[in-house]
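Colleague:
Residue numbers (the working numbering): 1 to 314.
#1: With a cut-off of 8 Å on the beta carbons, I'd call residue 56 and residue 23 a contact; round off their distance for me.
#2: Can the beta-carbon of residue 218 be found closer than 8 Å to that of residue 302?
#3: Would you tell me roughly how many angstroms separate the C-alpha atoms of residue 251 and residue 198, rounded to the nearest one?
#4: Pairing CB atoms from the region 96-112 with CB atoms from the region 161-171, are three or more of them under 8 Å?
#5: With DSSP as the reference, please indicate the residues paired to residue 43 in a beta bridge.
#6: Which class does residue 288 belong to by DSSP, given the choice of helix, strand or coil?
#7: What residues match up with residue 193 in a beta bridge as DSSP calls it?
#8: Under a three-way DSSP split, which group does residue 242 fall into?
#9: In three-state DSSP terms, what is residue 141?
#10: Within 10 angstroms of the Cβ of residue 77, are there 16 or more other Cβ atoms? Answer buried if so, exposed if not.
#11: Using beta-carbon positions only, say whether residue 292 and residue 140 come within less than 8 Å of one another.
#12: So, do the region 118-137 and the region 47-55 have three or more beta carbon pairs nearer to each other than 8 Å?
#13: What are the boundary residues of the beta strand (DSSP E) that includes residue 152?
#14: Quick one, are the C-beta atoms of residue 124 and residue 153 less than 8 Å apart?
#15: Give me the Cα-Cα distance between residue 150 and residue 259, rounded to the nearest whole angstrom.
#16: Please say whether residue 14 and residue 90 have beta carbons closer to each other than 8 Å?
#17: Report the residue from 177, 256, 211 and 171 whose alpha carbon sits nearest the alpha carbon of residue 222.
#18: Taking the Cβ atom as the reference point for each residue, do residue 79 and residue 170 lie within a distance shorter than 8 Å?
#19: Assuming residue 247 and residue 270 form a contact by the criterion Cβ under 8 Å, report the distance between their Cβ atoms to the nearest whole angstrom.
#20: Express the C-alpha separation of residue 257 and residue 127 in angstroms, rounding to a whole number.
#21: Roughly how many angstroms lie between the CA atoms of residue 308 and residue 192, to the nearest whole one?
#22: Rounded to whole angstroms, what is the Cα-Cα separation between residue 243 and residue 26?
#23: Out of curiosity, what's the CA-to-CA distance linking residue 114 and residue 106?
#24: For residue 282, I'd like the list of residues in its chain whose CB is within less than 7 Å of its CB, leaving aside the five on either flank, ordered along the chain.
#25: With DSSP run on the structure shown, which of helix, strand or coil describes residue 100?
#26: Of all the options 47, 129 and 94, which has the alpha carbon lying nearest to the alpha carbon of residue 60?
#27: Got a sec, what are the start and stop residues for the beta strand (DSSP E) residue 205 sits in?
#28: Cα-Cα, which of 187, 39 and 31 is closest to residue 202?
#29: Should residue 195 go down as buried or exposed, given a rule of 16 or more other Cβ atoms within 10 Å for buried?
#30: Applying the 10 Å Cβ sphere with the 16-neighbour rule, what's the burial state of residue 253?
#31: Determine the DSSP secondary structure at residue 49, reduced to helix, strand or coil.
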């Protein structure tokens, strides 16, 4: 089925905006799901590619998407470029490895009506896992789907054109964290509502499935820490990461000096940090707390790498 996106149609209501980079394995699935669940609507699909060297662009074009190629831009600017080329009144931002679901299709008409009546809203949902067999997806990612949040992840973010224009879009200077920044500015400057709606279910096929990829992911997400002031006083996550780094520094120095009692205290403090973090995020569920206490070590490891890169400009 071809997209209902019509270049000559001036009454497009929805603009699906998708930044991509080597998403040949996923982009076809995403576009198919958009077309499957929007059969009655007038919409457009805009793919803004960051210079893929696979078949991402050709797959998207063959399925009816408007494809723009911008190899020099970061993801924030890619999303803004998609908006600049769009003609819809409601923007639906999706990552290339997302898939819409039937539940999304059933809930979206209510969401669309809400945005038309109250344009001062950012909505969307935390992405659901696609692979129940992978331990990282099962224990780390799946259990936060329904949690409230002070921001909407740009992997599935829906906003009216009017509010997006007031905000001047995503901050093009941000390599990552552009979704948090947009939500904070919307709430602070315009008293906007931030609505995480788990009924708008989408599947994320790009979650890391091993600890090495997980660490790389968190190191990339921590890139937003680009100034020294951000390193020393930022979010709770940043402060916990700083504690994680300091405790490891004390541990290694203590081991080097053969101060084993101090080393033991450092290890105990690290364990307490991991367990308390898991309790804070996942509540009193014994299984989730136990498993995620271990995963939190690699989470803070990735975030620590981004801090080290920032401080030493690596």
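Quick reminder that beta carbons are idealized off the backbone N, C-alpha and C, glycines included.
Modeller: Based on what the coordinates show:
#1: Contact check for residue 56 and residue 23: beta-carbon distance about 5 Å, within the 8 Å limit, so the pair qualifies.
#2: Taking 8 Å as the Cβ cut-off, residue 218 and residue 302 qualify as a contacting pair.
#3: Here the alpha carbon of residue 251 sits roughly 42 Å from the alpha carbon of residue 198.
#4: No, because fewer than three Cβ pairs between the region 96-112 and the region 161-171 fall closer than 8 Å, the two stretches do not touch.
#5: According to DSSP, which records beta bridges pairwise, residue 43 is partnered with 14.
#6: Note: residue 288 maps to helix in three-state DSSP.
#7: Here residue 193 is bridged, per DSSP, to 121.
#8: Correct three-state label for residue 242: helix.
#9: The DSSP-derived three-state label of residue 141 is helix.
#10: Buried: at least 16 other Cβ atoms inside 10 Å.
#11: Cβ atoms of residue 292 and residue 140: closer than 8 Å.
#12: Contact check between the region 118-137 and the region 47-55: fewer than three CB pairs, one atom from each, fall below 8 Å, which does not count as touching.
#13: Residue 152 -> no beta strand (DSSP E), and no H or E assigned at all.
#14: Cβ distance < 8 Å, so residue 124 and residue 153 count as in contact.
#15: One Cα belongs to residue 150, the other to residue 259, and the distance between them is close to 43 Å.
#16: Yes. Within cutoff.
#17: Nearest to residue 222 by C-alpha distance, out of 177, 256, 211 and 171, is 177.
#18: Cβ atoms of residue 79 and residue 170: closer than 8 Å.
#19: Right, the Cβ-Cβ distance comes to about 5 Å (below 8 Å), so this counts as a contact.
#20: Taking the Cα positions, residue 127 is about 47 Å away from residue 257.
#21: Roughly 35 Å between the two C-alpha positions.
#22: Looking at the two C-alpha atoms, the distance is approximately 38 Å.
#23: The alpha-carbon separation between residue 114 and residue 106 amounts to approximately 14 Å.
#24: Once the five neighbours on either side are set aside, the close Cβ partners of residue 282 are 143, 288, 289 and 292.
#25: Here residue 100 sits in strand by DSSP.
#26: Distance from the Cα of residue 60 is smallest, within the candidate group 47, 129 and 94, for 47.
#27: Neither: residue 205 is in no beta strand (DSSP E) and is coded neither H nor E.
#28: With distances taken between Cα atoms, residue 202 lies closest to 31.
#29: Residue 195 is classed as buried because its beta carbon has at least 16 other beta carbons within 10 Å across all chains shown.
#30: With fewer than 16 neighbouring CB atoms inside 10 Å of its own CB, residue 253 falls in the exposed class.
#31: Assigned with DSSP and collapsed to three states, residue 49 falls in strand.
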